[in-house]
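In my numbering, the protein residues as written are 16 to 359.
So, in structure tokens, the structure goes:
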């Protein structure tokens, strides 16, 4: 697998991040086997969050059992909105961070991301609160998930002006599709499609690591979605709200239900994206690759410093992702896939 160096941690890391939302619940021993598999295949970047159920607990037990804390880079997230609204403040940051440290059974987090932003607040106090934990050694670096590039620049301008540690990483959604509707609750950030052009230019210029979640557009480029399937199922796909009602199955939560995933259907099943999918299929056939691999190759071949977050179910899916980051696409192929040119 291709590796990259994260200079701010002085560490060589895998080009793929293992997403662990799939460890939300279930058997801890199975979770540990899943993590073993990832490390055996060269993955040493793990993405989790305090809101991912038992994921942090399983990772903590696994690191203790394997005595490998220094061998892996843990990305976790906090300050997600709660029932009473936004929680991006010093009090909730300290509470979430301390709980994550306890659940992960560690005394430091490698990369701590704020899971959301609060645009009603100035960035200064947020940067200062993060720096307190950085100075204490509880976090080795920090950044934002679902933060716009403009807010990150504002935060880093503040940090520079006050001699503080800046944001080092960002985790927006990024994929080949354009987003037709908000897939989750308000407050998420994508850098995909025509609307994300300015953000992508900023990331390319600054080379800040982009931990791209939902890198297959919630399964749109998994190989399981077609126009025909969409037409056949669109009138019986469950409401996205049902997914988080407590009544959804694990398969439905991870986009492997009986119908097209409702979040995918809501946000990505539109004609411009089906046109992109048509082109992905053509290129996949030409190169002897899968649809998912070409879609992943699109994001890692960008001029940005992209790490796809891959929530795989098994060894075959992880190997497919690892193979995808080694695929090279030309500038013309990238433009053609994104509907910017008609010929390649």
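C-beta: ideal position from N, C-alpha, C; glycine also.
Just so you know, these numbers come straight off a predicted model, no measurement behind them.
Cβ neighbours of residue i in the same chain (closer than 8 Å, five flanking residues each side left out)
i, result
"residue 219", "317, 318, 319"
Residues near residue i in its chain [Cβ-Cβ closer than 6 Å; skip 5 each side]
i, result
"residue 170", "138, 142, 182"
"residue 163", "204"
"residue 149", "180"
"residue 279", "233, 234, 235"
"residue 284", "245"
"residue 145", "157"
"residue 57", "16, 29"
"residue 50", "77"
"residue 344", "312, 316"
"residue 120", "75, 79"
"residue 105", "144"
Same chain, Cβ closer than 7 Å to residue i, five either side skipped, listed in chain order
i, result
"residue 193", "207, 208, 209, 287, 288"
"residue 43", "73, 76"
"residue 68", "39, 40"
"residue 59", "28, 29, 86, 87, 88"
Local conformation of residue i per DSSP, three classes
i, result
"residue 139", "helix"
"residue 278", "helix"
"residue 293", "helix"
"residue 187", "coil"
"residue 27", "strand"
"residue 255", "helix"
"residue 60", "strand"
"residue 236", "coil"
"residue 66", "coil"
"residue 230", "coil"
"residue 315", "helix"
"residue 323", "strand"
"residue 43", "helix"
"residue 21", "strand"
"residue 33", "strand"
"residue 205", "strand"
"residue 54", "helix"
Residue i, buried or exposed, once every other Cβ within 10 Å from all chains shown has been counted against 16
i, result
"residue 339", "buried"
"residue 40", "exposed"
"residue 187", "buried"
"residue 136", "exposed"
"residue 76", "buried"
"residue 175", "exposed"
"residue 291", "buried"
"residue 1", "Absent from the model: residue 1. The displayed extent of the chain is 16 to 359, so no value can be given."
"residue 330", "exposed"
"residue 198", "buried"
"residue 46", "buried"
"residue 71", "buried"
"residue 358", "exposed"
Beta-carbon spacing of residue i, residue j below 8 Å
i, j, result
"residue 225", "residue 185", "yes"
"residue 103", "residue 131", "yes"
"residue 324", "residue 227", "yes"
"residue 311", "residue 53", "no"
"residue 61", "residue 35", "yes"
"residue 336", "residue 31", "yes"
"residue 307", "residue 237", "yes"
"residue 85", "residue 196", "no"
"residue 191", "residue 153", "no"
"residue 129", "residue 159", "yes"
"residue 248", "residue 274", "yes"
"residue 189", "residue 321", "yes"
"residue 123", "residue 155", "yes"
"residue 115", "residue 65", "yes"
"residue 304", "residue 352", "no"
- Can you give, in chain order, each stretch of the beta strand (DSSP E) that sits fully within the stretch 77 to 165 and has at least 3 residues? 88 to 93, 126 to 129, 157 to 160
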